[in-house]
DNA sequence: CTGAAAGCGCTTACAG
DNA sequence: CTGAAAGCGCTTACAG
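Chains as they are written, first to last, in the UniProt record's numbering: chain A, 1 to 324; chain B, 1 to 324.
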């Protein structure tokens, strides 16, 4: 009979095997080993390991009033990099502190979140984009810690993205810069900060103020936005690769040369961005960095670790194409 | 003092307000109202509604040994349509039966799933792609119901996709058909069934057997795959829009006319597929259908509803472009 | 330094 | 037709 076949061990099983009480098991396994004789603590940890003891989440949650789940809300926007990698990394970091990561999706209606949170009673809810008022109310009512996207870091990161886009354009000799948003603001949560980054870099380089347009991923909108930017001689930092590809195709339809007349730089390095003609120049964001930031924010919000996450340029990599 | 301010109501609160015992509250609220006098049942439901009573998930889970969570595993492949919509719909359908949907991600290591499942003790785990042996073992060990992708329906749906792609190509006069897979089989879980659909349709139309290639989303691979198909005069049904766009761009690099020399049809209708030049002809999959199928599978696996989901062509819509 | 007891909220087998 | 009691697994305040 292997361990896999055995019924799940309870704290009582551990107590019996270690020859102590359940109370002692609980204390030792919850970081209070110092209250006991060293050898008592050792008996407990050894027995727990031997039985593969995993405390029952339901039992803990019932007793403590909240679970060890951390709920991450996936936003309705493009992701640079791979959601899998991000999830796996964040899972590992949180698991090391005893938390279990679960995903939810931000939906139009708050009811979904309400149900999720009231059922799960998570230790914390982590979001990438700022919580809406209704969401915040739901979390407050359920007594759940809301972990805002680390706004300083997040904004800093996005400013860095805009800055890097602008610097790339400027280094190739472009003098008239623009930023292209996604028109739907729900899909453009980082647009403002990135636009600022582009603007700052342009100002510091002694260029005129940047121009700003917004579009949906639709060829007519792309043509309209492009016309408003009055090519030739415009270099466009884009919210994401889809926006960049739209504008690139619009330029080709209008007969402008890319990058001679119209330069574009994207963000995300989506797979399809690397098969366009010309290949898109874009930025790749290392999501493992975001995972580290997210984990740090959660732990800090729960009072478990001290350091505030800081934006790091190293998470950003320029992917050279031929569109700039 | 509004309801939102009050502490969460317990079954005891409901019992007191209704003037009955907690046992009665539990029975009535769990579908056994028929064991009681109609007016007793009514008092209970009324009191529960008045207090906004939501049973404690932890309490239920502890007592019953499994939770009311349903865990859906997101695969590492493209999604036609919008994950948000799918999630929202499946959430609603499952919520109507008392279940709460939560998302996980299929990761390389099974440990993540193990932890998730052993913590959550979900009522069921739902996957889009067939479970790997290691995953199945984890679920079995935790005594969790594994809801396979309804393979008959799923395969039927995918055959339908391939068929519809082929029929579209054939109706435009193309006689030499091919299917283009994603080379990485993990990202191509539906490829085989779709290829079969294309093949069947070709045979039934009296055409020669189809040709088959695989590629990653990379321009060199796309050029290689295209060359192997010996244009001109080839019409390619693609695993997804990214594959189709890759081949379309490869064709243009080689100087072939699209759709004159090389015709391509995609699948998913990604945003960027609608800004290509020429615009991609593709299929759009109504994820609300997938949500219905998923919900039906889960409920059936839990013994709650009888009907097996069937593939429906109505969930598939041809998006006319200019690449065919 | 350690354990007995209480209780988190729920459901079910049983008694009446 | 309804309720009292037990118990799921855990943690903490308290007693010794």
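Positions of the beta carbon are idealized from the N, C-alpha and C atoms, including for glycine. It should be emphasised that the depicted structure is a prediction, and the values quoted were computed from it without experimental measurement.
Could one say the Cβ of residue 263 of chain A lies closer than 8 angstroms to chain B's Cβ atoms, at least one of them? Against chain B, the CB of residue 263 of chain A has no partner CB under 8 angstroms away; the residue lies outside that interface.
My output table needs one value for residue 45 of chain A: the three-state DSSP class, helix, strand or coil. In the three-state DSSP reduction, residue 45 of chain A falls in the helix class (H, G or I).
Report yes if the CB atom of residue 215 of chain B is closer than 8 angstroms to the CB atom of residue 201 of chain B, and no otherwise. The answer is no: Cβ separation not under 8 angstroms.
Buried or exposed for residue 5 of chain B, going by 16 or more other Cβ atoms inside 10 Å? Any reading at residue 5 of chain B needs caution, since the residue's pLDDT is 44, under 50, leaving its predicted position unreliable; the model's value is listed next. Flag for residue 5 of chain B reads exposed.
Residues within the stretch 114–128 of chain A neighbouring chain B, beta-carbon criterion of under 8 angstroms: Within the stretch 114–128 of chain A, the qualifying residues are 115, 116, 118, 119, 120 and 121.
From the DSSP output, in three-state form, read off residue 294 of chain A for me. In this structure, residue 294 of chain A counts as helix in the three-state DSSP scheme.
Taking only the alpha-carbon atoms, compute the straight-line gap between residue 2 of chain B and residue 9 of chain B and give it to the nearest angstrom. Any answer about residue 2 of chain B is weak, because its pLDDT of 39 lies below 50 and its placement is not dependable; what the coordinates show is given next. Between residue 2 of chain B and residue 9 of chain B, the C-alpha separation is close to 13 angstroms.
In whole angstroms, give me the CA-to-CA distance for residue 184 of chain B and residue 239 of chain B. Take the alpha-carbon of residue 184 of chain B and the one of residue 239 of chain B: they are about 12 angstroms apart.
Taking DSSP as the reference, what is the three-state secondary structure of residue 217 of chain A? Residue 217 of chain A falls in the coil class under three-state DSSP.
Looking at residue 316 of chain B and residue 161 of chain B, is the spacing between their C-beta atoms short of 8 angstroms? Cβ distance < 8 angstroms, so residue 161 of chain B and residue 316 of chain B count as in contact.
To the nearest angstrom, how far is the alpha carbon of residue 138 of chain B from that of residue 121 of chain B? The alpha-carbon atoms of residue 138 of chain B and residue 121 of chain B are separated by roughly 12 angstroms.
Interface residues of chain B facing residue 242 of chain A [CB-CB closer than 7 angstroms]: Chain B residues near residue 242 of chain A: 271 and 272.
Runs of beta strand (DSSP E) wholly within the stretch 212–288 of chain B (minimum 3 residues, chain order): The DSSP assignment places 234–238, 262–265 and 282–285 as complete runs of the beta strand (DSSP E) inside the stretch 212–288 of chain B, in order along the chain (cut-off: 3 residues).
Alpha-carbon spacing of residue 16 of chain A relative to residue 48 of chain A, whole angstroms: Rounded to whole angstroms, residue 16 of chain A to residue 48 of chain A spans 11 angstroms at the Cα level.
For residue 178 of chain A versus residue 221 of chain A, is the C-beta spacing smaller than 8 angstroms? Judged by beta-carbon spacing, residue 221 of chain A lies beyond the 8 angstroms limit of residue 178 of chain A, meaning their Cβ atoms are not closer than that value.
Per DSSP, what kind of secondary structure is residue 20 of chain A in: helix, strand or coil? Residue state, collapsed to three classes: coil.
CA-CA distance, residue 166 of chain A and residue 173 of chain A? C-alpha separation (whole angstroms): 11 angstroms.
Which residues does DSSP pair with residue 178 of chain B in a beta bridge? B/211 and B/236, per the DSSP bridge assignment.
Tell me which same chain residues have a C-beta within less than 6 angstroms of the C-beta of residue 298 of chain B, skipping the five on either side of it? Cβ within range, chain order: 70, 124, 126 and 147.
Contact check, residue 250 of chain B vs residue 258 of chain B, beta carbons under 8 angstroms: Not a contact, by the Cβ cut-off of 8 angstroms.
Note down the Cα distance separating residue 113 of chain B from residue 83 of chain A, rounded to an integer number of angstroms. Take the alpha-carbon of residue 113 of chain B and the one of residue 83 of chain A: they are about 16 angstroms apart.
By Cβ distance, which residues of its chain are closer than 7 angstroms to residue 116 of chain A, with the 5 residues on each side in sequence left out? Only 71 and 104 meet the Cβ criterion.
Which of the three DSSP states is assigned to residue 10 of chain A in this structure? In the structure shown, the three-state DSSP call for residue 10 of chain A is coil.
Taking 8 angstroms as the cut-off, decide whether the C-beta atoms of residue 169 of chain A and residue 245 of chain A are in contact. No, the pair does not count as a contact, with Cβ atoms beyond the cut-off.
Quick one: Cα of residue 102 of chain A to Cα of residue 86 of chain A, how far? Taking the straight line from one Cα to the other gives about 12 angstroms.
What is the DSSP secondary structure of residue 93 of chain A, counted as helix, strand or coil? Per DSSP, reduced to three states, the secondary structure at residue 93 of chain A is helical.
Contacts that residue 246 of chain B makes with chain A (C-beta to C-beta distance below 8 angstroms): The answer, in chain order, is 272 and 275.
Integer Cβ distance of residue 280 of chain B from residue 164 of chain B, believed to fall under 8 angstroms: Between residue 164 of chain B and residue 280 of chain B the Cβ distance is about 15 angstroms, and since that is not below 8 angstroms, they are no contact.
Residues of chain A with CB closer than 9 angstroms to the CB of residue 156 of chain B, please, in chain order. Result: empty, since nearest Cβ-Cβ is about 27 angstroms, beyond 9 angstroms.
Within a Cβ cutoff of 6 angstroms, which residues of the same chain sit near residue 38 of chain A, ignoring the five residues on either side of it in sequence? So the list is empty, once near-sequence residues are dropped.
Check each candidate in B/44, B/261 and B/88 and name the one with the smallest Cα separation from residue 20 of chain B. Residue B/44 is the option with its Cα nearest to residue 20 of chain B.
According to a CB-to-CB cut-off of less than 8 angstroms, which residues of the stretch 205–231 of chain A neighbour chain B? Those residues of the stretch 205–231 of chain A that come within reach of chain B (Cβ to Cβ, closer than 8 angstroms) are 217, 218, 219 and 222.
List, in chain order, every chain B residue whose beta-carbon is nearer than 8 angstroms to that of residue 251 of chain A. Those do not exist, as residue 251 of chain A stays about 10 angstroms from chain B at its closest Cβ, beyond 8 angstroms.
Could you tell me whether the Cβ atoms of residue 241 of chain B and residue 269 of chain B are closer together than 8 angstroms? A contact, by the Cβ cut-off of 8 angstroms.
By DSSP's criteria, residue 104 of chain A is part of a beta bridge. Which residues make up the other side? In the DSSP assignment, the residues bridged to residue 104 of chain A are A/73.
For a test of the three-state rule: what should DSSP assign to residue 145 of chain A, helix, strand or coil? Residue 145 of chain A carries a strand assignment under DSSP once its states are collapsed to helix, strand and coil.
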